[in-house]
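Asker:
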Ligand code: GTR
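In the working numbering, the protein residues as written are 6 to 336.
(1) I'd like to check one pair, residue 48 with residue 279: are the Cβ atoms closer than 8 angstroms?
(2) Going by DSSP, what residues sit across from residue 182 in a beta bridge?
(3) For residue 98, which option in 204, 238 and 36 has the closest C-alpha, if you only look at C-alpha atoms?
(4) Does the distance from the C-beta atom of residue 149 to that of residue 89 stay below 8 angstroms?
(5) Going by beta-carbon coordinates alone, are residue 249 and residue 275 separated by less than 8 angstroms?
(6) Grab me the residues of residue 167's own chain with a C-beta within less than 8 angstroms of its C-beta, minus the 5 sequence neighbours each way, in chain order.
(7) Opposite residue 37 in the DSSP bridges: which residues?
(8) May I ask you to report which of helix, strand or coil DSSP gives residue 211?
(9) Should residue 266 go down as buried or exposed, given a rule of 16 or more other Cβ atoms within 10 Å for buried?
(10) Does the structure place the segment 104-111 close enough to the segment 209-220 that three or more beta carbon pairs sit under 8 angstroms?
(11) Taking DSSP as the reference, what is the three-state secondary structure of residue 322?
(12) For residue 98, which of helix, strand or coil comes out of DSSP?
(13) Compare the C-beta of residue 63 against all C-beta atoms of chain B and say whether one is closer than 8 angstroms.
(14) Taking all protein chains shown into account, decide if residue 261 is buried (16 or more other Cβ within 10 angstroms of its Cβ) or exposed.
(15) Assign residue 253 to one of three DSSP states: helix, strand, or coil.
(16) How would you write the range of the beta strand (DSSP E) that residue 160 sits in, first residue to last?
(17) Measuring only from the beta carbon, is residue 101 closer than 7 angstroms to any heavy atom that is part of ligand 1?
The structure is reproduced here in structure tokens:
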């Protein structure tokens, strides 16, 4: 049996064992299994671990979080599936792969939707952020409760061939994108060849030349050591996608109202705590990747990039005009 399948089975068995009837569940010790594609110490992982410590303290040890970092339970697609069936409870995933499930969330995935990080923070902290979390939680088939958002900075293209200074430089490059057709369309409209695959497959794909590169924020690029395979990191800034913390709906419905409220409260606090960790880590990662040999290039004029992705806005944004307007109006 592959290690991942073994872990999946183990997680499913433990969770199933812990989930008896609703009332028994309310009394028992509950270990919430959490997972993240990133390693220990990464801002999202650290924030969820801190949340676990708070839960433990507030519940007198009855509730705790067990973290499975570094893609131990698979990529984000696998994480979503496992949360949906209750084989794990907490998944920290990007909004990216959630767009096809909850179309309104795809609005956050539109290229260049946010003016800057402060604008994105304003939106996720405010009523729009709340509404979209509720849309996710109320979704009849998504099987997930939206707990909170986290920061994930700005995504920039990196590749093994050359610096990207202008849109023409992307021509013909095979660039890994997250599993959502919107992102493949985005890369194709910029002139590159978008290739959808999980984060868990990316290192191998770069090593073997299946792709020439990918796109991500500095901390993901640095902590995954992607500079070893794709040293040209260019500030295209085409996407600014918040992260999500989601909870398995089947487990959620077995929790007492008090436990639900406690988890929701600490998750909200985690949203702000992660932000502090994030901004520090962005700067640290930029420094580390440069030291490791990454060639960081600024893109002087992003206008041609913004114009090229108009068809993506038409295709995925047309049905959400009012929501997009509200996001743009957020100051
Ligand atoms: C990272 C993000 C992950 C994952 C990854 C990816 O920035 O934190 O959740 O979405 O990107 O590109 O798959």
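Think of the CB as a built atom: it goes at the ideal place given N, C-alpha and C, for glycine as much as any other residue.
Answerer: Let me lay it out:
(1) Closer than 8 angstroms, so yes.
(2) DSSP, once it has assigned bridges, lists 201 as partnering residue 182.
(3) Just measuring C-alpha positions, the residue of 204, 238 and 36 sitting nearest residue 98 is 204.
(4) In this structure, the beta-carbon distance from residue 149 to residue 89 falls below 8 angstroms.
(5) Not in contact: residue 249 and residue 275 (Cβ atoms no closer than 8 angstroms).
(6) For residue 167, the CB contacts under 8 angstroms within the same chain, skipping 5 residues up- and downstream, are 174 and 237 in chain order.
(7) Per DSSP, 70.
(8) In the displayed model, residue 211 falls within a helix according to three-state DSSP.
(9) It is exposed - the Cβ of residue 266 has fewer than 16 other Cβ atoms within 10 Å.
(10) Judged by Cβ distances under 8 angstroms, the segment 209-220 makes no contact with the segment 104-111, as fewer than three pairs qualify.
(11) Residue state, collapsed to three classes: helix.
(12) Strand.
(13) Among the protein chains of the structure shown there is no chain B, as only one such chain exists.
(14) Taking all protein chains in view, the Cβ of residue 261 is surrounded by fewer than 16 other Cβ atoms within 10 Å, so the residue is classified as exposed.
(15) In the structure shown, residue 253 sits in a strand (DSSP, three-state: E or B).
(16) Residue 160 -> beta strand (DSSP E) spans 160-164.
(17) For residue 101, the CB falls within less than 7 angstroms of some heavy atom of ligand 1.
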